[in-house]
Amino acid sequence: GGSKGSAGSTDSPSPKDSKATMCSVEGHGGVVCEEPWRTFSGHTKDVVALSWSKSQFLISGGMDQTVRLWHVTKESCLRTFHHTDVVTCLHFHPEDDSLFVSGSFDKKLRMWDAAKGEILHWQGTEHLITALTLMESGPVVAGFINGQCIFYNYSREDGFQFNTEIDCKNRGVSSRKAKKVSGIQAVRIVATSQDTANFSARNSMFRKSPSVSSKKSAEIVREYVLVTTNDSRVRLFETDGYACIYKFKGATTNKLQIAANASSVSNHIICASEDKYVYLWEYDTDQLLGTHRSSVISKIGVHTTKISSYEAFAAHDDTVTAALFLPYNGLSVSRGQAEKQGKQDKTYVDMKEESPPEDDPVLASPLKKSLFGKRAAKSNGLKESWQQSDHPLYDAILITTGTDGHIHVFENNSISSTL
1 GGSKGSAGST DSPSPKDSKA TMCSVEGHGG VVCEEPWRTF SGHTKDVVAL SWSKSQFLIS
61 GGMDQTVRLW HVTKESCLRT FHHTDVVTCL HFHPEDDSLF VSGSFDKKLR MWDAAKGEIL
121 HWQGTEHLIT ALTLMESGPV VAGFINGQCI FYNYSREDGF QFNTEIDCKN RGVSSRKAKK
181 VSGIQAVRIV ATSQDTANFS ARNSMFRKSP SVSSKKSAEI VREYVLVTTN DSRVRLFETD
241 GYACIYKFKG ATTNKLQIAA NASSVSNHII CASEDKYVYL WEYDTDQLLG THRSSVISKI
301 GVHTTKISSY EAFAAHDDTV TAALFLPYNG LSVSRGQAEK QGKQDKTYVD MKEESPPEDD
361 PVLASPLKKS LFGKRAAKSN GLKESWQQSD HPLYDAILIT TGTDGHIHVF ENNSISSTL
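Residues in the sequence shown are numbered consecutively from 1, following my numbering.
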């Protein structure tokens, strides 16, 4: 069963009342402005895939068989990467933003050098590629129309090397009737030694985030893959034994290219749905942070935990196409708020006007050095101190999109135990 209700305050505007539900955080101005900061034009047909780099580059893939490279400080397209068929998915490398991988209807994975504008390696596949991700540890995970996910090890020297494949389907379902993989997200969990000693605490788990620091000597890192399929299921796979740890049920994802997303600061999954609702699940951190997990997996296998308990709220008048938690590094003082305070918003400073500290790892971007010669000014992001609360979703900000063409922003400003 599940619980369907409202998000945050019950007197928030409904989707019928306005084109977008504006959200503001007390003392910090608007989180999302109605007026776009930048509109990128260049594709001649529908855009179907987007990916951000850690240094504010954006790549877009479209049905015009191209991938285009942009940056928030530049109006025009920086580079175009041509394909032989429709581009279905793409992803920047999480550490080296001079690399990105693309998938296409021509059944090929391509690893691109964005700085040079050339293909480094390509990998042919048997089935149509419908989703992919690039993990921080190196592997490329590709999802296919037949419900399979294939893990490829990748290096600049050896290119794509097959590792393993997993079937994302229910027991008893034949491979011929398996449903398309519509979304893949790499989930990297970083826990300190203290966290694992007390891993039953609800807030002891978090994914690595620019706003959260921890000592490397005390870190325990585990990687997982969150897979959404068109059988209305979301599955969390580990990358040690490639077992399905969790299966989340509730959302309707039978037709569209809908992808679930994991929270960057709590143990929650969010997913859009074709029934106009947004669904959220909470999972047990004990099962992910157990210190003897690897040995148990190798000896007796893993039992998949099925989670059918959820919270949900109506977000749009029609199908919800995407839903995600606003990440900490997505929070920045709005342009209007910055001007009002008489301060310059560093998010939008032209990268040629100011150089950051030489030791700034985030801004030491190979792609920026190649294309612009200088590194961008550092984003003026909000600190996490204003989000402190006992509840992991307190002050969580959710962004949703729908087939009605609207973007809605929700803030959970209730301290109750439910969203």
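All C-beta atoms in this analysis are idealised placements derived from N, C-alpha and C, irrespective of residue type, glycine included.
Every value quoted in this text rests on a predicted model; they were computed, and no experiment measured them.
Name the two residues that bound the continuous beta strand (DSSP E) containing Lys247. Working through the sequence shown from its first residue, we reach residue 247 at position 247. It spans Cys244 to Lys249 - the beta strand (DSSP E) in which Lys247 sits, taken as one unbroken run.
Rounded straight-line distance, which links the Cα of Leu99 to that of Phe92: As a working mapping, residue 92 is identified with position 92 in the sequence shown. As a working mapping, residue 99 is identified with position 99 in the sequence shown. If I take the Cα positions, the gap works out to 6 Å.
So, helix, strand or coil for Arg176, using DSSP? Taking the sequence shown and counting its residues from 1, one reaches residue 176 at position 176. If DSSP states are grouped into helix, strand and coil, Arg176 belongs with the helices.
Here's the rule: buried if 16 or more other CB atoms are within 10 angstroms of the residue's CB, otherwise exposed. What is Cys149? If you number the sequence shown from 1, residue 149 lands on position 149. By the neighbour-count rule (16 or more Cβ atoms within 10 Å), Cys149 is buried.
For Arg68, count neighbouring C-beta atoms within 10 Å of its own C-beta (all shown protein chains included) and say buried if the count is 16 or more, exposed if not. Your numbering for residue 68 matches position 68 in the sequence shown. Label assigned to Arg68: buried.
Which of the three DSSP states, helix, strand or coil, is assigned to Arg335? Position 335 of the sequence shown, counted from the start, is the residue given in the question as residue 335. Since pLDDT at Arg335 reaches only 39, below the 50 mark, its modelled position is unreliable, and the value read off the structure follows with that caveat. It is helical.
Does the beta-carbon distance from Leu226 to Val187 come in below 9 Å? Sequence index remark: in the sequence shown, residue 226 carries index 226 (1-based). Sequence index remark: in the sequence shown, residue 187 carries index 187 (1-based). Against a cut-off of 9 Å, the Cβ pair of Val187 and Leu226 comes out as a contact.
Over what stretch of residues does the beta strand (DSSP E) that includes Asp113 continue unbroken? On the sequence shown, residue 113 is found 113 positions in, with the first residue counted as 1. It spans Lys108 to Asp113 - the beta strand (DSSP E) in which Asp113 sits, taken as one unbroken run.
In the DSSP output, which residue or residues are listed as bridge partners for Asn261? By 1-based counting over the sequence shown, the position of residue 261 is 261. Bridge partners of Asn261: Ile270.
Looking at the structure shown, is Leu367 part of a helix, part of a strand, or coil, going by DSSP? Here residue 367 refers to the residue found at position 367 of the sequence shown. Secondary structure of Leu367 (DSSP, three-state): helix.
Span of the beta strand (DSSP E), counted from its first residue to its last, around Ala312: As a first step, residue 312 must be located in the sequence shown, where it is residue number 312. Counting along the chain, the beta strand (DSSP E) containing Ala312 begins and ends at Tyr310 to Ala314.
Less than 9 Å between the beta carbons of Glu223 and Glu136, yes or no? Within the sequence shown, numbered from 1, the residue matching residue 223 stands at position 223. Within the sequence shown, numbered from 1, the residue matching residue 136 stands at position 136. Taking 9 Å as the Cβ cut-off, Glu223 and Glu136 qualify as a contacting pair.
Beta-ladder partner(s) of Gln148, from DSSP: The sequence position of residue 148 within the sequence shown is 148, counting from 1. BP columns for Gln148 point to Asp167.
Which residues in the same chain as Tyr242 place their Cβ atom closer than 7 Å to its Cβ, once the five residues preceding and following it in sequence are excluded? Here residue 242 is taken as the residue at index 242 of the sequence shown, counted from 1. Same-chain partners within the cutoff: Thr164 and Ile166.
Mark His268 as exposed unless 16 or more other C-beta atoms lie within 10 angstroms of its C-beta, in which case mark it buried. Taking the sequence shown and counting its residues from 1, one reaches residue 268 at position 268. His268 should be labelled buried.
What's the call for Gln123, buried or exposed, on a 16-neighbour Cβ count within 10 Å? For the purposes of this step, residue 123 is identified with residue 123 of the sequence shown, where counting begins at 1. Within a 10 Å sphere around the beta-carbon of Gln123 sit 16 or more other beta-carbons, which makes this residue buried.
Which of the three DSSP states, helix, strand or coil, is assigned to Leu128? Taking the sequence shown and counting its residues from 1, one reaches residue 128 at position 128. Three-state DSSP puts Leu128 in coil, outside helix and strand.
Taking Ala178 as the reference, which of Phe237, Ala259, Asn230 and Leu128 has the closest Cα? The residue you call residue 178 lines up with position 178 of the sequence shown. When each option's Cα is compared against that of Ala178, the closest is Asn230.
Test item: CB-CB of Ile189 and Leu280 under 9 Å: Position 189 of the sequence shown, counting from 1, holds the residue named residue 189. Position 280 of the sequence shown, counting from 1, holds the residue named residue 280. Against a cut-off of 9 Å, the Cβ pair of Leu280 and Ile189 comes out as no contact.
Of the choices Ala322, Glu95, Leu367 and Pro94, whose alpha-carbon is the least far from that of Gly117? Position 117 of the sequence shown holds residue 117. Checking every option, the nearest Cα to that of Gly117 belongs to Leu367.
Using a Cβ-Cβ cutoff of less than 8 Å, which residues in the same chain neighbour Asp284 once the five nearest sequence positions on both sides are dropped? Residue numbering aside, residue 284 sits at position 284 when the sequence shown is read from its first letter. Within the same chain, Asp284 has close Cβ partners Asn267 and Thr305.
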